[in-house]
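Asks: In full-length UniProt numbering, the protein residues as written are 1 to 354. Beta carbons: idealized from backbone N, C-alpha and C, even for Gly. My structure is below; once you've seen it, I'll send some questions.
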Ligand code: NAD
Ligand code: MN
C-alpha cells in the first residue's frame, strides 16, 4: 500500500520541524510495507516576495491530486499575516471542503501543566471545530462611516448541511472510538438565531446515536470547566469561533503550542485533508534549531490514522510519550536543552531501536 502526499514546510520553524517529520516518514518507509511518497512545495513568504503570490495560479489544482497535505507553518514579518493566511491556508481549507478541524487534547505523562496540582485523572479528549462556515464569514458590512450613527454588522452563517455534516463526523468518530459522551459548546441563550439552529441540528443527529451521552454547555461555563474538570470530556463539538478559542485553551492545559497537533479533514475523501501543527512560524526562535518538533510529528501521526494505519499512529504517539516522560531529550519550551534535530532522532530511535 502506498500514498502520495504534498509537503508544504512554509516559513521559519515550519521548515525546521518539517525536516523531523520527513525523517520519520523515511524511517517508517524503511521498516513498513506501507509507503509514503512525497513532493515538497516551496510555497512560502520567500516565494511570495519573488512572485507576488503565496502559491501558483494552479496551486490548488496541483494539490488536489494528492492523498493528503502535510503542512508546517507560515508567517514572515516581510509579508502581512492576512496575506499568508488568507492566500494559502484558507483557500486550501475551504476549497478542499476540510470542514472538520480535529484537535486531540491529551495530556502526556511527564508534562508540567498549570492544572496538575489538582487533577490526577487523565486529560484526554478530542475537540472538533466546524472549520468552514459559522462566525468566520464575510457577510455583513459597515454603514455611516464617521457619523455618530456608524454601525458594523457581522453575520454568522450556519447551514443545515454544514452543521449536520460536522455533527455526523463527531458522533460517528465517538462511536468508532468508544467515546461515551459528546459535549456541545453553544451560546443559544444569547445568540438566539444561529446558535439555536446549531443546537437543534446537532440534537437531530444525536438522536441517531442513542448510546452516546449528549450534553450541552454554554461556551463561557465550558471554558471554565476546561480548567476545572478537563478530565470530564470525551469529545467536544464547537462552532468555528468557539472552537478556535477552545482549541488554544485546550492546548494550554496540556502543555502548549510546541506539542499541539491538528487535522483539517475532508471526511468524504473527495479532496486531500491537511495535517499541521497548531503553532505558527515562531519568528522569535526561528533559525536557532530549538523548535519543538512534537506538534508536527503528532500531526503526521494523525495523517497515518486518517490513512487507516491506527497502528502507526499509536506507535508514533508512544514514541513521543516515551521521549516526553523520560525528559532527557526535550526542547527549551518544555524545560530541556535539546535541539529540534535531537528530539526528532530520539522519537525515531524509540520506534526503531538502533
Ligand atoms: P506562534 O505559534 O508562531 O508562536 C507563539 C509562541 O509559541 C512563540 O513564543 C513561539 O516561540 C512559541 N512556539 C510556537 N511553536 C513552537 C514550537 N514548535 N516549539 C517551541 N516554541 C514554539 O504564533 P505567533 O507568534 O502569534 O505568530 C507568528 C507567525 O506565525 C505569524 O506570522 C502568524 O500569522 C503565523 N501563524 C501561522 C499559523 C499557521 O501557519 N497555521 C498559525 C498561527 C500563526
Ligand atoms: Mn486560532
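Determine, using beta carbons only, whether residue 201 and residue 157 come nearer to each other than 8 Å.
Replies: No. Outside cutoff.
Asks: Run the proximity test for residue 81: is its beta-carbon closer than 7 Å to any non-hydrogen atom belonging to the ligand MN?
Replies: Checking every heavy atom of the ligand MN against the Cβ of residue 81, none is found closer than 7 Å.
Asks: Does the ligand NAD have even one heavy atom less than 7 Å from the beta-carbon of residue 324?
Replies: Result no, Cβ not under 7 Å from the ligand NAD.
Asks: Taking all protein chains shown into account, decide if residue 198 is buried (16 or more other Cβ within 10 angstroms of its Cβ) or exposed.
Replies: Buried, because 16 or more other Cβ atoms sit within 10 Å of the Cβ of residue 198.
Asks: Can you tell which of 235, 149, 27 and 2 has the C-alpha that lies nearest to the C-alpha of residue 346?
Replies: Ranking the options by Cα distance to residue 346, first place goes to 27.
Asks: Could you name the residues, in chain order, whose CB is less than 7 Å away from a heavy atom belonging to the ligand MN?
Replies: Working through the chain, the matches are 244, 247 and 248.
Asks: Using a Cβ-Cβ cut-off of 6 Å (strictly less than) and excluding sequence neighbours within five positions of residue 7, which residues of its own chain qualify?
Replies: Closer than 6 Å at the Cβ level, and outside the excluded window around residue 7, lie 38, 40 and 70.
Asks: Measuring straight from C-alpha to C-alpha, what distance separates residue 302 and residue 312?
Replies: Cα to Cα, residue 302 sits roughly 9 Å from residue 312.
Asks: Please find out if some non-hydrogen atom of the ligand NAD comes closer than 7 Å to the beta-carbon of residue 276.
Replies: The answer is yes for residue 276.
Asks: For the beta strand (DSSP E) containing residue 286, list its first residue and its last residue.
Replies: Where residue 286 is concerned, there is no enclosing beta strand (DSSP E), given that its DSSP letter is neither H nor E.
Asks: Helix or strand or just coil, what does DSSP make of residue 72?
Replies: Note: residue 72 maps to strand in three-state DSSP.
Asks: So, under 8 Å CB-CB, residue 63 and residue 36 are touching, yes? Tell me the CB distance rounded to an integer number of Å.
Replies: Contact flag wrong, Cβ pair sits at about 16 Å.
Asks: Tell me where the alpha helix (DSSP H) around residue 45 begins and ends.
Replies: Start and end: 45-51.
Asks: Where do the N-terminal and C-terminal ends of the beta strand (DSSP E) with residue 277 fall, by residue?
Replies: Element bounds for residue 277: 273-277.
Asks: Let me check understanding here. Comparing Cα to Cα, which of 98, 43 and 30 lies closest to residue 266?
Replies: The option with the nearest alpha carbon to residue 266 is 98.
Asks: Would you list the one or two residues that DSSP bridges to residue 142?
Replies: Answer by DSSP bridge pairing, in chain order: 152.
Asks: Kindly examine the ligand NAD and report whether one of its heavy atoms sits closer than 7 Å to the Cβ of residue 291.
Replies: Because some heavy atom of the ligand NAD lies under 7 Å away, the Cβ of residue 291 counts as near it: yes.
Asks: Return the chain-ordered list of same chain residues with a C-beta closer than 6 Å to the C-beta of residue 319, the five sequence neighbours on each side being excluded.
Replies: Excluding residues within five positions, the ones whose Cβ falls inside 6 Å are 347, 350 and 351.
Asks: Taking all protein chains shown into account, do 16 or more other C-beta atoms lie within 10 angstroms of the C-beta of residue 144, making it buried, or fewer, making it exposed?
Replies: So residue 144 ends up on the exposed side.
Asks: Using the three-state DSSP reduction, which class does residue 352 fall into: helix, strand or coil?
Replies: If DSSP states are grouped into helix, strand and coil, residue 352 belongs with coil.
Asks: Classify residue 220 as helix, strand or coil using the three-state DSSP reduction.
Replies: The answer is helix: DSSP assigns residue 220 an H, G or I state.
Asks: Are there three or more Cβ pairs, one per stretch, closer than 8 Å when the region 288-304 is compared with the region 323-336?
Replies: With the cut-off at 8 Å, the region 288-304 and the region 323-336 touch.
Asks: Quick check: is any heavy atom of the ligand NAD less than 7 Å from the C-beta of residue 281?
Replies: Answer for residue 281: yes, Cβ within range of the ligand NAD.
Asks: Residue 254: beta carbon under 7 Å from a heavy atom of the ligand NAD?
Replies: Checking the Cβ of residue 254 against the ligand NAD gives no.
Asks: Is it the case that the region 205-224 contacts the region 250-270, given that we only count it when at least three CB pairs across the two stretches are under 8 Å?
Replies: These segments do not touch.
Asks: Rounded to the nearest angstrom, what separates residue 359 and residue 141 at their Cα positions?
Replies: In the structure displayed, the chain extends from 1 to 354; residue 359 sits before or after that span and is not available.
Asks: Just to confirm before moving on: does the CB-CB distance between residue 260 and residue 278 stay below 8 Å?
Replies: Yes.
Asks: Could you tell me if the beta carbon of residue 351 falls within a distance shorter than 7 Å of some heavy atom in the ligand NAD?
Replies: It does not: the Cβ of residue 351 is nowhere closer than 7 Å to a heavy atom of the ligand NAD.
Asks: Assuming residue 124 is part of the beta strand (DSSP E), what are its boundary residues?
Replies: Note, residue 124: beta strand (DSSP E), 124-130.
Asks: What residues are listed by DSSP as bridge partners for residue 35?
Replies: DSSP output for residue 35 lists 2 as bridge partner(s).
Asks: With 16 as the cutoff for other CB atoms within 10 Å, does residue 9 come out buried or exposed?
Replies: With 16 or more Cβ atoms within 10 Å of its Cβ, residue 9 is classed as buried.
Asks: The alpha helix (DSSP H) with residue 309 in it runs from where to where?
Replies: Careful: residue 309 lies outside any alpha helix (DSSP H) and carries neither H nor E.
Asks: For residue 357 and residue 306, which I take to be in contact (beta-carbon distance under 8 Å), what is that distance rounded to the nearest angstrom?
Replies: The structure shown does not extend to residue 357, since the chain spans only 1 to 354, so no value can be given for it.
Asks: Looking at residue 128: is its Cβ nearer than 8 Å to the Cβ of residue 169?
Replies: Against a cut-off of 8 Å, the Cβ pair of residue 169 and residue 128 comes out as a contact.
Asks: Please go through the region 168-228 and give each complete beta strand (DSSP E) segment of 3 or more residues, from N-terminal end onward.
Replies: Entirely contained in the region 168-228, the beta strand (DSSP E) runs reaching 3 residues are, in chain order, 181-186 and 213-218.
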